[in-house]
Each structure stands twice: as C-alpha cells, then as structure tokens.
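As structure tokens, the structure follows; a few thoughts come after it.
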C-alpha cells in the first residue's frame, strides 16, 4: 500500500507572503502526485498535479516540487491571498491505482 | 454534464442502525471511490471500484462497511451497524477510465450517529 504524511496540519500566513506544505510518501512505485483544495462547505477539487518524470511544475502562483530520491513533494503558494484560505490535501498513487491522501493542511491567509 | 451526485446530504442515525448512502458517478467514468473525511484522519479510502469490480476495500473498514456497485452509474455504501465513531462526511468520487487524472468528488453525505 501507500502511506502519505502531510505537514503542517495548520498554517497561518500574512497576505502576499508564501505558504509551503510538505508531503512524504513510502511506496517508491508511486508516480502521480496531485494536490486538492477544499474550500469550506465544498468538495475537494484538483488544483495541480505532478508526475514522476518531472521535478517541478508551476501553474500561475502554484509550484509543486518532487524529490523522488527523498520520496518527498511539496506545494508552494506564492503571493497568497485570502481566497487561498482552505484545506489542502496532497495525495500519491501509482497511475491507475487508488489515490492515498495526506491528512490535510488548513491554510489561513490573514489580510 | 452532471457531476457526482450523492444522497442523502445529511443523515442522522441511532447507534446500531443500518444506513445506506448512494452515489451516482460522472457519466462515462469507470473508477469510483468512497472516502470518509474526518478532521483527525483526513480522507480515508473505504472502497475503490474499476468498471464495477471491487479493486480495494480499506482494510480497517471491512467489518461494518460494505460498498457495492450495482451498475456503472450507481453505487451504495452500507454501514451496519452504525456506531457514534462513524460520524463523518462520506465522499464519493469518480475518475475517467484511463486511471489517471482528476478525481471528481460529490458534495458528500454528512452522517451523525447518536
């Protein structure tokens, strides 16, 4: 199986600063690493993902880094806004298999 | 296109009752997942179906939790008998048949067991 650890569980930052969330996984066969954002009262939605053939991916203010050797991946949100306040979940899987999620990070961006 | 539909949105049960949660995946999706969401544990996998075949049921949940996929467009999750610790949000999600890409989640069924 797979186990995903996610830290921190709570993160509070000032508007326009950056926020970083870190995840580690156990199964070296995992090759797909998505990130989901869940706003209050909503269901989780995919915001960015990275496959194991990449080390870095950026979509606008979201950056994902993957270190396969260390079995670690991270999400960096640059220039945070209050609208970024939400729960964030990392996940890992082998392509085509079940997705194992981390326990989530509650991000609060203070205006 | 309709997204993932879950019913009921809220359910209150007495300890020991049987409850059934329902899910309709996105049309054409072959993968269906049931997750339980709590503040402490986050998203825990309960069951995973591919083309109606059960691929995985979360080991810790085998005892009182049973998910079925009666056809490609309908799945149920039965909890029998319910316990107060089962109080959580139950999320159903579906994914296209290629086995990769985005999971589309339903709005969830919030279960409270008294």
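Residue numbers (our numbering), protein chains in the order written: chain Y, 1 to 111; chain V, 112 to 225. By construction, the Cβ of each residue, glycine as well, lies at the ideal position given by its N, Cα and C atoms. Bear in mind the structure is a predicted one, so any value in this text is a computation, not a measurement.
TODO: Out of Y:111, Y:103, Y:20, point me to the one whose CA is closest to residue 152 of chain V's CA.
DONE: For this step, residue 152 of chain V is matched to residue 41 along the second chain. Of Y:111, Y:103, Y:20, the residue nearest in Cα terms is Y:103.
Contact between the region 10-29 of chain Y and the region 92-109 of chain Y (3+ Cβ pairs under 8 Å): Using a C-beta cut-off of 8 Å, the region 10-29 of chain Y makes contact with the region 92-109 of chain Y, since at least three inter-stretch Cβ pairs fall below that distance.
- Item | residue 166 of chain V: contacting residues in chain Y (beta-carbon distance under 9 Å) | If you number the second chain from 1, residue 166 of chain V lands on position 55. What residue 166 of chain V touches in chain Y: 97, 98.
Q) Can you give the Cα-Cα distance for residue 52 of chain Y and residue 31 of chain Y, rounded to whole angstroms? A) Position 52 of the first chain, counting from 1, holds the residue named residue 52 of chain Y. Position 31 of the first chain, counting from 1, holds the residue named residue 31 of chain Y. For the pair residue 52 of chain Y and residue 31 of chain Y, the Cα-to-Cα distance works out to about 5 Å.
- prompt: So residue 15 of chain Y and residue 110 of chain Y are in contact, right, with Cβ under 8 Å, and what is the actual spacing, rounded?
  reply: Here residue 15 of chain Y is taken as the residue at index 15 of the first chain, counted from 1. Here residue 110 of chain Y is taken as the residue at index 110 of the first chain, counted from 1. About 6 Å separates the two Cβ atoms, so the contact holds.
- request: Check each residue of the region 209-223 of chain V: if its Cβ is closer than 7 Å to any Cβ of chain Y, include it; give the result in chain order.
  value: Going along the region 209-223 of chain V in chain order, one finds 210, 211, 213, 214, 216, 217, 218, 219 with a Cβ nearer than 7 Å to chain Y.
Check your understanding: Listed in chain order, which residues of the region 135-168 of chain V have Cβ atoms closer than 9 Å to some Cβ of chain Y?
Key -> Hits within the stretch, in order: 142, 144, 146, 148, 150, 151, 152, 153, 154, 155, 156, 159, 161, 166, 167.
Problem set entry | Distance between beta carbons of residue 135 of chain V and residue 185 of chain V, contact taken as under 8 Å | Here the question's residue 185 of chain V lines up with position 74 in the second chain. Here the question's residue 135 of chain V lines up with position 24 in the second chain. Contact flag correct, Cβ pair sits at about 6 Å.
With burial defined as no fewer than 16 other Cβ atoms inside 10 Å of the residue's Cβ, what is the status of residue 191 of chain V: buried or exposed? Residue numbering aside, residue 191 of chain V sits at position 80 when the second chain is read from its first letter. Residue burial annotation: residue 191 of chain V is exposed, with fewer than 16 other C-beta atoms found within 10 angstroms of its C-beta.
**OP:** Can you give me the Cβ contacts of residue 8 of chain Y inside the same chain, cut-off strictly under 7 Å, excluding the 5 residues immediately before and after it?
**Re:** As a first step, residue 8 of chain Y is located in the first chain; it is residue number 8 there, counting from the start. Take residue 8 of chain Y, set aside five residues on each side of it, and the residues of its chain with a beta-carbon closer than 7 Å to its own are 105, in chain order.
*Examine chain V for any beta-carbon lying closer than 7 Å to the beta-carbon of residue 31 of chain Y, and answer yes or no.*
Walking along the first chain from the start, residue 31 of chain Y turns up at place 31. No, no contact with chain V.
* Just how far apart, CA to CA, sit residue 126 of chain V and residue 24 of chain Y? -> In the second chain, counting from the first residue as 1, residue 126 of chain V sits at position 15. In the first chain, counting from the first residue as 1, residue 24 of chain Y sits at position 24. Answer to the nearest angstrom: the Cα atoms are 37 Å apart.
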